[in-house]
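Structure first, then comments.
In the UniProt record's numbering, the protein residues as written are 1 to 225.
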C-alpha cells in the first residue's frame, strides 16, 4: 500500500514516515501544497495524510483539487487545527477521516487500516478469491487453507493486482506503485519480471485459482479461474 504524507513540520513528517515504513507501507512525502499537487497529478496513492496548515496555502485546497479531478485516493486529515468547522468542511470535501494532533501512532495506524479496509475491501479483514484468501493487514496469504510465504514485493504486487482484478495493469503503473517514484530512474523493468515469476511459481505450486496473465509488451492481468 502506498501513502503520501503532506506535512511541513519536518520532525512530525519523519516520525510518521518511519512509523508507517515499519508497517510495510511504501511512503512518499510532500512539504507543501504545490509539491503535493504535483505528486498527486503524476502518481497514484492508496491514502493521503493531509495537514491543513501548509506554508503555501490551505491543505483543504488539495481536497478540492482531488474532487475536481475525480481522483479516488483516500484522505485522512491530520491537523493541529482541531476545529469543528475545519472538520466538517474537510469531510464535506471528501476526506475519509479527521485526526487532530497530537495523536498516538497506533491510532494513526488503526485509522489508516480502517479507511483502506472500507475503501478497498468493503470493510472486510480478508479477501477471498476462488481458493485463495488474502489478509492485507497481516500481509498473509492462504491457498486452500495452507499458508503461503511471500516476500514483501511479491505481496505488494499481488495486492495491487487484486485491487485491479481482471483489469490490465501496465508495467510502469505496477512498478511505480510498488517501488515508488524512484522508479523513474530505472532503465528497464527487468526487476519486475523476477518478482512476477516467483509469485506465479508460488501460486501455481499451491494450485491457486489466481492466474497472472501477461499481456506481451504491456503489462499483466489477474484472473480468477
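Just so it is clear, CB atoms sit at the ideal spot from N, CA and C, and this is done for glycine as well. The model shown is predicted, which means the values in this text are computed figures rather than measured ones.
inquiry  = Using 8 Å for Cβ pairs, my map puts residue 77 next to residue 45. What's the rounded Cβ distance?
reply    = The beta-carbon separation of residue 77 and residue 45, rounded to 15 Å, does not stay under the 8 Å limit for a contact.
Under the three-state DSSP convention, the category residue 86 falls into = Helix, per DSSP.
inquiry  = According to DSSP, residue 248 sits in a beta bridge with which residue or residues?
reply    = Absent from the model: residue 248. The displayed extent of the chain is 1 to 225, so no value can be given.
task = Run the CB neighbour count on residue 176, radius 10 Å, all protein chains shown included, and call it buried at 16 or more, exposed below.
result = By the C-beta density criterion, residue 176 is buried, having at least 16 other C-beta atoms within 10 angstroms.
key: Buried versus exposed, by CB contacts within 10 Å (16 or more), residue 70   = Residue 70 sits exposed, since fewer than 16 C-beta atoms from the chains shown fall within 10 Å of its C-beta.
inquiry  = Within 10 Å of its beta-carbon, does residue 72 have 16 or more other beta-carbons around it, so buried, or fewer, so exposed?
reply    = The residue in question, residue 72, is exposed, as its Cβ has fewer than 16 Cβ neighbours within 10 Å.
query = Roughly how many angstroms lie between the CA atoms of residue 127 and residue 49, to the nearest whole one?
reply = One C-alpha to the other measures close to 25 Å.
message = Along the chain, where does the alpha helix (DSSP H) containing residue 67 start, and where does it finish?
response = Where residue 67 is concerned, the enclosing alpha helix (DSSP H) starts and stops at 60-68.
query = What residues in its chain sit with their C-beta under 8 Å from that of residue 91, if we drop five residues either side in the sequence?
reply = So the list reads 98, once near-sequence residues are dropped.
ask   = Which class does residue 242 belong to by DSSP, given the choice of helix, strand or coil?
value = Nothing can be reported for residue 242, as the shown portion of the chain is limited to 1 through 225.
request  = Under 8 Å by Cβ, that's how I've got residue 168 and residue 158 pegged, so tell me the actual separation to the nearest angstrom.
outcome  = The pair is not a contact, with the Cβ atoms about 16 Å apart (cut-off 8 Å).
ask   = What is the residue span of the alpha helix (DSSP H) that residue 16 lies within?
value = Looking at the DSSP string, the run of the alpha helix (DSSP H) that includes residue 16 is 10-22.
key: Inside the segment 141-191 only - alpha helix (DSSP H) runs reaching at least 4 residues   = Those alpha helix (DSSP H) runs which fall completely within the segment 141-191 and span 4+ residues are 152-163, 171-179.
message = If distances are taken between C-alpha atoms only, which option among 133, 197, 153 comes closest to residue 178?
response = Residue 178 has its Cα closest to that of 153, out of 133, 197, 153.
ask   = Looking only at C-alpha atoms, which of 130, 204, 213 sits nearest to residue 229?
value = With the chain represented from 1 up to 225, any question about residue 229 goes unanswered, as that position is not in the structure.
query = Just checking my contact of residue 139 with residue 74 at CB under 8 Å: how many whole Å lie between their CB atoms?
reply = No, residue 139 and residue 74 are not in contact; Cβ-Cβ is about 19 Å, not under 8 Å.
message = Using DSSP's beta-bridge definition, name the partner residues of residue 130.
response = Bridge partners of residue 130: none, in fact.
ask   = With distances taken from CA atoms, which of 225, 207, 87 is nearest residue 165?
value = With distances taken between CA atoms, residue 165 lies nearest to 225 out of 225, 207, 87.
task = Find out if the Cβ-Cβ distance for the pair residue 94, residue 63 is shorter than 7 Å.
result = A Cβ-Cβ contact shorter than 7 Å links residue 94 with residue 63.
inquiry  = Please report the straight-line C-alpha distance between residue 137 and residue 162, rounded to a whole angstrom.
reply    = Rounded to the nearest angstrom, the two C-alpha atoms are 14 Å apart.
inquiry  = Tell me the DSSP secondary structure of residue 276 in three-state form.
reply    = Beyond the ends of the chain as shown, which are 1 and 225, falls residue 276; an answer cannot be given.
ask   = Taking the C-alpha atoms as reference points, what is the distance between residue 88 and residue 112?
value = Between the alpha carbons of residue 88 and residue 112 lies a gap of roughly 19 Å.
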